[in-house]
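Written out below as structure tokens is the structure these notes cover.
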Amino acid sequence: MAKRKRNEQANGSKSGVTAPTKKSKASAAASLAPPPSRSPYTVQVVTGSYDRILHGFTVALDGDRAEFADTFLFNAHSSAIRCLALSPASKPEPGKAQKVMLASGSSDERINVYNISAHPPSATRQKEDDVLSRLAPRKILENPKNREVGTLLHHASTVTRLAFPSKSKLMSASEDSTIAVTRTRDMALLSSLKAPIPKPYGRPSGDTAALGATPSGVNDFAVHPTGKLMISLSKGEKCMRLWNLTTGKKGGVLNFGREMLQEVGEGRHSSGEGRAITWSHAGDEFCVSFDRNVLVFPLAPGEDGGIQPKCKVMADSRTKVHALAYLTPSGGEESSRDTDADAAGSNAEDSLLAVSTEDGRILFFSTADEDLVQSKAEADSRKGGSPLPSAKCIGQVGGKEMGVAGRIKDFTILRAPSGTDENKGDFVIAAGSSDGKVRIFCVAVSELVKARKSKDDDGSKQRQLGKLLGAYETQNRITCLEAFVMIPRPDGVEDSEDEFEDVSEDNDDDDEAAEE
Numbered sequence: 001m002a003k004r005k006r007n008e009q010a011n012g013s014k015s016g017v018t019a020p021t022k023k024s025k026a027s028a029a030a031s032l033a034p035p036p037s038r039s040p041y042t043v044q045v046v047t048g049s050y051d052r053i054l055h056g057f058t059v060a061l062d063g064d065r066a067e068f069a070d071t072f073l074f075n076a077h078s079s080a081i082r083c084l085a086l087s088p089a090s091k092p093e094p095g096k097a098q099k100v101m102l103a104s105g106s107s108d109e110r111i112n113v114y115n116i117s118a119h120p121p122s123a124t125r126q127k128e129d130d131v132l133s134r135l136a137p138r139k140i141l142e143n144p145k146n147r148e149v150g151t152l153l154h155h156a157s158t159v160t161r162l163a164f165p166s167k168s169k170l171m172s173a174s175e176d177s178t179i180a181v182t183r184t185r186d187m188a189l190l191s192s193l194k195a196p197i198p199k200p201y202g203r204p205s206g207d208t209a210a211l212g213a214t215p216s217g218v219n220d221f222a223v224h225p226t227g228k229l230m231i232s233l234s235k236g237e238k239c240m241r242l243w244n245l246t247t248g249k250k251g252g253v254l255n256f257g258r259e260m261l262q263e264v265g266e267g268r269h270s271s272g273e274g275r276a277i278t279w280s281h282a283g284d285e286f287c288v289s290f291d292r293n294v295l296v297f298p299l300a301p302g303e304d305g306g307i308q309p310k311c312k313v314m315a316d317s318r319t320k321v322h323a324l325a326y327l328t329p330s331g332g333e334e335s336s337r338d339t340d341a342d343a344a345g346s347n348a349e350d351s352l353l354a355v356s357t358e359d360g361r362i363l364f365f366s367t368a369d370e371d372l373v374q375s376k377a378e379a380d381s382r383k384g385g386s387p388l389p390s391a392k393c394i395g396q397v398g399g400k401e402m403g404v405a406g407r408i409k410d411f412t413i414l415r416a417p418s419g420t421d422e423n424k425g426d427f428v429i430a431a432g433s434s435d436g437k438v439r440i441f442c443v444a445v446s447e448l449v450k451a452r453k454s455k456d457d458d459g460s461k462q463r464q465l466g467k468l469l470g471a472y473e474t475q476n477r478i479t480c481l482e483a484f485v486m487i488p489r490p491d492g493v494e495d496s497e498d499e500f501e502d503v504s505e506d507n508d509d510d511d512e513a514a515e516e
């Protein structure tokens with residue numbers, strides 16, 4: 001029998017048929033197996049609207065599929081909601097759930113503060129809400145731990161800007177020309193910075209201030225990633241003001257010159273005031289948006305000792321600008337406007353600037369020195385002086401190609417929680433339009449890197465990036481939007497009944513670190 005077996009093996013080798021082995025089975029199974037897919041994750045989106053409604057919903061993302069579910073929907077204010085802000089999540093502790101603080105500002109002079117869960121609803125809660133979802137036209141996924149903390153009455157006019165520079169501090173700006181600093185542990189007012197009211201002469205035509213009054217109020221402010229420096233923009237002023245947050249005093253004034261304003265399309269009949277401002281993640285540059293263009297400033301002083309713009313973002317000023325955000329494809333946590341100290345170590349050369357426009361696009365620009373573009377037409381038209389170069393536009397998201405025609409009022413850029421060390425997750429963009437729709441886009445990091453390295457500087461047709469994962473109809477005119485990636489709920493974790501328990505302990509740690 002042994003001899004016949006050897007003959008069969010010899011005949012099999014001659015015929016070219018190999019007997020299957022364990023290694024060949026494993027390799028065949030590996031070749032037939034699908035590529036590893038990303039684990040599903042959930043994004044919490046919060047929108048404010050002209051209709052006074054604060055609307056929160058979750059987006060469950062699994063590959064290219066997006067599933068939406070309402071979490072809360074109510075009239076939060078007696079007037080239009082102007083701004084929103086989300087705090088960093090509380091520190092994880094065994095047996096306790098993490099929380100995020102939400103602040104909403106309105107033209108009714110009030111700031112409402114809420115605690116919302118950083119985890120998606122549990123499976124038990126989802127089964128209970130299935131009954132409501134069957135009766136309602138849209139899926140409902142309530143979280144009973146989302147609750148209101150209180151109301152702040154620090155301001156005497158419309159609240160224009162909110163930001164959490166840390167877990168322990170909430171900063172707010174208003175049209176009463178004040179910037180308030182509030183401690184989140186007990187909602188106590190720590191300090192109030194008073195911005196000067198502009199003088200009445202030199203008011204632009206078409207000014208909407210009341211008769212006998214002057215335009216006043218803070219449009220926007222941005223805190224440096226170190227937390228020691230802040231820049232603010234005010235109404236009726238053609239300048240930006242520096243603030244020393246360590247001492248709480250003014251640091252200086254940087255004026256917008258006539259030539260500088262002409263570069264961004266601000267004529268003699270324009271207000272010339274900055275609309276919005278944001279810092280890069282590395283903290284080496286910041287950008288200021290005007291009505292139809294954006295200026296980028298380096299933090300390092302120029303040859304004359306002052307801070308001069310390095311470039312303008314768009315070569316032409318044909319569309320209105322709304323929201324700004326920096327993103328870093330190489331790494332670091334992304335945010336819509338506010339930067340975190342953890343992202344301060346990001347490579348400045350890899351950062352990109354995203355700008356939303358009136359025609360429904362989000363444009364991506366590279367502001368690196370080697371990517372700046374000098375137009376010949378601009379050089380010929382400005383023979384007396386050297387015109388500012390323009391940033392390189394590497395692509396866009398949205399627009400008519402994706403069926404987005406209305407303006408994108410606000411957007412948030414998030415990093416997907418999956419990915420390798422070389423590709424730390426793709427970017428998820430939640431964009432809110434004035435037509436009431438919130439669209440979720442996904443842009444791959446490799447796609448951004450490839451578009452940036454491309455030598456196509458024509459600019460006549462922007463490259464379309466990313467893909468649309470889904471759209472959600474809020475049925476309200478959106479004014480502001482915030483979002484964050486929810487943290488997976490650990491097994492056996494129950495939400496704490498004490499609203500301030502998790503936050504106060506983190507605040508004490510942050511205060512001690514700030515003092516050091």
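Taken in order, the sequence shown gives residues 1 to 516; the numbers are from UniProt numbering. Glycine included, every Cβ here is placed at the ideal spot set by N, Cα and C. All values derive from a computational prediction rather than experimental measurement.
query, result
"Per-residue DSSP class, three states only, for Ile81", "strand"
"Which of helix, strand or coil DSSP assigns to Lys409", "strand"
"For Phe72 and Gln475, the rounded distance between their alpha carbons", "14 Å"
"Strand pairing of Thr278, partner residues [DSSP]", "Cys287"
"Cβ pair Gly85, Lys99 closer than 7 Å", "Strictly speaking, residue 85 in this sequence is Ala, with Gly absent from that position. It is not a contact, given that the beta carbons lie outside the stated cut-off."
"Lys23, buried or exposed, once every other Cβ within 10 Å from all chains shown has been counted against 16", "Note that Lys23 scores 45 on pLDDT, short of 50, meaning its location in the model is unreliable and no value can be drawn from it."
"Terminal residues of the alpha helix (DSSP H) in which Ser446 lies", "445-453"
"Alpha-carbon to alpha-carbon, Thr58 and Ile231", "33 Å"
"Beta bridge counterpart(s) of Phe484 as assigned by DSSP", "Gln44"
"For Asp426, three-class secondary structure by DSSP", "coil"
"Neighbourhood of Gly432 by C-beta, 6 Å cutoff - its chain only, sequence neighbours within 5 removed", "Thr47, Lys409, Asp410, Val438, Ile478, Leu481"
"For Asp435, three-class secondary structure by DSSP", "coil"
"Sequence-distant residues of its chain with Cβ nearer than 6 Å to Thr158 (five each side left out)", "Ser107, Glu175"
"First through last residue of the alpha helix (DSSP H) which encompasses Gln262", "258-263"
"Collapsed DSSP secondary structure at Glu401 in the structure displayed", "helix"
"Cut-off 7 Å between Cβ atoms - residues of its own chain near Gly272, not counting five sequence neighbours on either side", "Lys238, Phe256, Leu261, Glu266"
"Coarse secondary structure for Glu370, derived from DSSP in three states", "helix"
"Same chain, Cβ closer than 8 Å to Pro488, five either side skipped, listed in chain order", "Tyr41, His119, Pro120"
"Identified DSSP bridge partners for His55", "Thr47, Leu73"
"Burial state of Ser446 (16 or more Cβ within 10 Å)", "exposed"
"Burial state of Phe74, where buried means 16 or more other Cβ atoms lie within 10 Å", "exposed"
"Cut-off 8 Å between Cβ atoms - residues of its own chain near Pro165, not counting five sequence neighbours on either side", "Met171, Val223, Gly227, Asp338"
"Reduced DSSP category for Asp350 - H, G, I as helix; E, B as strand; rest coil", "helix"
"Beta-bridge partners of Gln475, as assigned by DSSP", "Note: Gln475 sits in no beta bridge, so no partner."
"Cutoff 7 Å: Asn115 Cβ touching any chain D Cβ", "As a matter of chain content, chain D is missing from the structure shown, which is built from one protein chain."
"Gln98 - DSSP class collapsed to helix/strand/coil", "coil"
"Where Phe235 falls: helix, strand or coil (DSSP)", "Residue identity check: residue 235 is Lys in the sequence provided, not Phe. Coil at Lys235, not helix or strand."
"Beta strand (DSSP E) segment containing Pro92, residue limits", "Segment: none, Pro92 is in no beta strand (DSSP E) and carries neither H nor E."
"8 Å Cβ shell around Arg318 - same chain, five flanking residues per side excluded", "Arg292"
"Own chain residues within Cβ distance below 8 Å of Ala451, not counting five before or after", "Phe364, Ile394, Gly395, Arg463, Leu465"
"Beta-bridge pairing of Ser172 - partner residues as DSSP gives them", "Leu162, Ala180"
"Whole-angstrom C-beta distance between Ser90 and Lys169, which should lie under 8 Å", "At roughly 14 Å, the Cβ-Cβ gap does not stay under 8 Å, so Lys169 and Ser90 are not in contact."
"When Leu448, Ile116, Ala66 are compared against Pro88, the one with the closest alpha-carbon", "Ile116"
"Spatially closest choice to Val279 from Gly150, Tyr326, Pro417, Arg258, by CA coordinates", "Just to set this straight, residue 279 is Trp in the shown sequence, not Val. Taking only the C-alpha atoms, the option nearest Trp279 is Tyr326."
"Length of the line joining the Cα atoms of Ser177 and Leu245", "17 Å"
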